[in-house]
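So the sequence shown is numbered by the numbering used here: it starts at 6 and just counts up by one.
By construction, the Cβ of each residue, glycine as well, lies at the ideal position given by its N, Cα and C atoms.
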Amino acid sequence: MKSLSQSQLKRLTAVHGWSGTVLGLLLYAVVATGTVAVFAHEIAEWSVGGAKNHAPLAGDLDGKVRPIAERMTKGYLEEIAIWATAKGDLNVFPHAHARNPESGKIENYGTLFRLDGTTGAELARNEGFVFTKPEWFEASALEDFLVDLHVQLYVPRPWGLILTGILGLSMMAAGVTGFLMHRHLIRDLFVAARPGNRLVTARDRHVLAASWGLLFAFLLGFTGSFFSFAATVSLPLISQVAFGGDQKAMRETLYEPAVTPDPRPAALADLDAVIARSTALTGTPVRFLVVDHYGRADARINLWHMPPQGTLAWVRNVFDGTDGRFLGVKPRVGRQPSAGNALYELIWPLHTGDFAGPLSKAVWVGLGAAMCYVILSGMQLWVRRREEAALWRGFGRAVTITAYGLPFAMTAAAYGFFLSLPAADPFYWTPMGFVLGALACIAVGAFAGDGSGLIQRFRRLLGAACIVLPIVRMAMGGLDWADAVAQGQGAVLSFDLMFLVLGVLLFRWATRQPHGRPAGDPLPEPAE
6 MKSLSQSQLK
16 RLTAVHGWSG
26 TVLGLLLYAV
36 VATGTVAVFA
46 HEIAEWSVGG
56 AKNHAPLAGD
66 LDGKVRPIAE
76 RMTKGYLEEI
86 AIWATAKGDL
96 NVFPHAHARN
106 PESGKIENYG
116 TLFRLDGTTG
126 AELARNEGFV
136 FTKPEWFEAS
146 ALEDFLVDLH
156 VQLYVPRPWG
166 LILTGILGLS
176 MMAAGVTGFL
186 MHRHLIRDLF
196 VAARPGNRLV
206 TARDRHVLAA
216 SWGLLFAFLL
226 GFTGSFFSFA
236 ATVSLPLISQ
246 VAFGGDQKAM
256 RETLYEPAVT
266 PDPRPAALAD
276 LDAVIARSTA
286 LTGTPVRFLV
296 VDHYGRADAR
306 INLWHMPPQG
316 TLAWVRNVFD
326 GTDGRFLGVK
336 PRVGRQPSAG
346 NALYELIWPL
356 HTGDFAGPLS
366 KAVWVGLGAA
376 MCYVILSGMQ
386 LWVRRREEAA
396 LWRGFGRAVT
406 ITAYGLPFAM
416 TAAAYGFFLS
426 LPAADPFYWT
436 PMGFVLGALA
446 CIAVGAFAGD
456 GSGLIQRFRR
466 LLGAACIVLP
476 IVRMAMGGLD
486 WADAVAQGQG
496 AVLSFDLMFL
506 VLGVLLFRWA
516 TRQPHGRPAG
526 DPLPEPAE
């Protein structure tokens, strides 16, 4: 790499440091919540006590869906979406597309039926703009809250998405400037931090972790910004420029298979036979199914499968809705395979780690945790260089409060969820639990003594919350370990054990002196 002059290096350091400091706390929040959201589906299974039926889209699906479709008015048969919840129930959603007067956008309007995944018995029915009411279609308020917290920091649309998109760009900027600042990148990958508690030691640790995470930081920043700006900027712009603002025409061109309209009445092919053939072709289970134009000769059956072995992208198979013929694999975007579609299909698995089961997700969680350390250590390093100023010492305390307060607040959200299950609304008390947990940490941080004692106090507090959480889950009617093992509910047992182990480790960690000296009274250190 070409050597940079001192003035260039100084400017890069300023851009790198200030971009990370100004938005650092929010960036940490996005990365930390994203690290948790990687296992969002598994968290949902754990929170609701496991899935009663692990394959609700297999078996007699046709016998559950067809009676519902036959009694619906034609206006609601434009599409029938079918998917399973984390609890193993079945959502069947006949709907059309209408303009929502509250948002001004074209949205799905219809009747959502929630069925028992095994027997097909109707458990609930709701009509309206369904996807504006998470309590209608989500099994776990905890999953819904954690995903929303990551995607838009619980800020109303579109501002939350715009904010997380900007944070993704700042993460890319930090990664690029960090790469340019590395004069010996390969060497830095294998050089251990110098011992002690000096400023140079903190810098070494930050550089070592950041060197290994540079590619991942750029990847997360790019893919995250892509998702955030797609819904708020890119697609509305394409709709206006290429389709004259016609959102329906844009959706059909980009995402729907080509079909010649034919409104003649025709019976739908057997869904179970179509699912069996599609599964045999792909080799992975069906996760989502949509029937277009039920009861018409131009009906189509779309099935989404998990990525086959050795691939990263989900597969969408399309079948003729009248005779069950296989019509081909539909690209994610457009109607013909393209380089743009191939790139688009990689965005989701590369952002979430959802391509090789729990193993790839675990790797993404580890990399996400490492990025959290890079962000926090970078802000702490920036503060230590400037801690003579009271303002920067106060910011250092804010970094400590956020570092431990965010995980505690997310744990408090889980408490709000479980404690509200018997008699209250989990979709209200889950975010309220987060708010109360955050306020408690802010209060502890604001009125605690020295920084070192504050860190130890936070570790004990978070450790206790982790240890007690599985007990609260079971006390509120959750599945116990014996039943979890007997029913094969691995997520329930795994998360309970994870919280117990994490709590014990936090208590042990609290007895050790923290590596980084918290911002307090400044001590003289040589410039590094």
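For Leu459, the nearest candidate out of Gly373, Gly410, Lys366, Gly226 (CA to CA): Closest in C-alpha terms to Leu459, from the list Gly373, Gly410, Lys366, Gly226, comes Gly410.
With a threshold of 8 Å, are at least 3 pairs of Cβ atoms found where one atom belongs to the region 23-43 and the other to the region 410-419? The region 23-43, when compared against the region 410-419, does touch it at the 8 Å Cβ threshold.
Shortest alpha-carbon distance to Val404 belongs to which of Arg391, Gln385, Ala419, Ile280? With distances taken between CA atoms, Val404 lies nearest to Gln385 out of Arg391, Gln385, Ala419, Ile280.
In angstroms with no decimal places, state the Cα-to-Cα distance between Val27 and Gly399. Their backbone Cα atoms lie some 14 Å apart in a straight line.
Close-in-space but distant-in-sequence residues of the same chain around Pro527 (CB under 6 Å, 5 per side omitted): Low confidence applies to Pro527: its pLDDT is 43, below 50, so where it sits in the model is not reliable enough to give any reading.
Helix, strand or coil: how does DSSP classify Gly383 here? It is helical.
Which same chain residues end up closer than 6 Å to Ile48 when comparing Cβ atoms and leaving out the 5 residues on each side of it in sequence? Hits under 6 Å: Glu148.
Three-pair Cβ contact test at 8 Å for the region 211-229 versus the region 173-183: With the cut-off at 8 Å, the region 211-229 and the region 173-183 touch.
Drop a sphere of 10 angstroms on the beta-carbon of Phe98, count the other beta-carbons inside from all chains shown, and report buried for 16 or more, exposed for fewer. Result: buried.
Would you mind stating whether Gly482 and Leu426 have Cβ atoms separated by less than 8 Å? Annotated as proximal: Gly482 and Leu426, with beta-carbon spacing under 8 Å.
Own chain partners of Ser244 with C-beta closer than 8 Å, once the 5 adjacent residues on each side are dropped: Within the same chain, Ser244 has close Cβ partners Gly250, Asp251, Gln252, Met255.
Within 10 angstroms of the Cβ of Leu95, are there 16 or more other Cβ atoms? Answer buried if so, exposed if not. Around the beta carbon of Leu95, 16 or more other beta carbons lie within 10 angstroms, which makes this residue buried.
DSSP on Phe134, reduced to helix/strand/coil? Three-state result, Phe134: coil.
Tell me whether Tyr420 sits in a helix, a strand or coil according to DSSP, three-state version. DSSP places Tyr420 in helix when its eight states are reduced to three.
What residue does the beta strand (DSSP E) around Thr289 start on, and which one ends it? Membership of Thr289 in any beta strand (DSSP E) is not indicated, and neither H nor E is assigned to it by DSSP.
Going by Cα to Cα distance, which pick from Glu132, Trp309, Ala278 is closest to Thr289? When C-alpha distances from Thr289 are compared across Glu132, Trp309, Ala278, the shortest belongs to Trp309.
How long is the line joining the alpha carbons of Ala247 and Asp297, rounded to whole angstroms? The straight-line gap from Cα to Cα measures roughly 25 Å.
Just to confirm the assignment, what range does the beta strand (DSSP E) spanning Pro72 have? Not the beta strand (DSSP E): Pro72 falls in the alpha helix (DSSP H), residues 66-75.
Restricting to Cα atoms, I'd like to know which of Gly64, Gly329, Leu317, Phe44 is closest to Phe360. Per the Cα distances, Leu317.
Quick check: Leu172 and Leu31, are their CB atoms within less than 8 Å of each other? Cβ distance < 8 Å, so Leu172 and Leu31 count as in contact.
Secondary structure of Val97, DSSP reduced to three states: Looking at Val97 - three-state DSSP - the assignment turns out to be strand.
Quick one: what does DSSP say Asn105 is sitting in, helix, strand or coil? The answer is coil: DSSP assigns Asn105 none of H, G, I, E or B.
Which residue marks the beginning of the alpha helix (DSSP H) containing Phe432, and which one marks its end? Here the alpha helix (DSSP H) through Phe432 covers 431-452.
Is the Cβ-Cβ distance between Leu467 and Thr516 less than 8 Å? In this structure, Thr516 does not lie closer than 8 Å to Leu467 by Cβ.
Am I right that Pro262 and Arg337 are in contact with their C-beta atoms under 8 Å? What's the rounded C-beta distance? Between Arg337 and Pro262 the Cβ distance is about 12 Å, and since that is not below 8 Å, they are no contact.
Proximity below 8 Å, CB of Val295 to CB of Ile85: Using a Cβ distance threshold of 8 Å, Val295 and Ile85 count as a contacting pair.
State the beta-bridge partners of Ala89 as determined by DSSP. In DSSP, Ala89 forms a bridge with Leu95.
Please report how far the alpha carbon of Gly55 lies from the alpha carbon of Leu484, in whole angstroms. Here the alpha carbons of Leu484 and Gly55 stand approximately 8 Å from one another.
Three-state class that DSSP yields for Leu528 in the structure shown: With a pLDDT of 42 at Leu528, under the threshold of 50, the predicted position of this residue should be treated as unreliable, though the coordinate-derived value follows. Leu528: coil per DSSP, three-state reduction.
Who are the near neighbours of Lys138 in its chain, counting only those whose CB is closer than 8 Å to its CB and skipping five residues on each side? Asn131.
Please determine if the region 426-439 and the region 60-71 are in contact, where contact requires at least 3 C-beta pairs separated by less than 8 Å. In short, these stretches do not touch, since the Cβ pair count stays below three.
Mind checking who Asn113 pairs with in its DSSP beta bridge? According to DSSP, Asn113 shares a beta bridge with His102.
If I'm right that Gly383 touches Val368 with Cβ under 8 Å, what's the distance once you round it to whole angstroms? In this structure Gly383 is not in contact with Val368, their Cβ atoms being roughly 23 Å apart against a cut-off of 8 Å.
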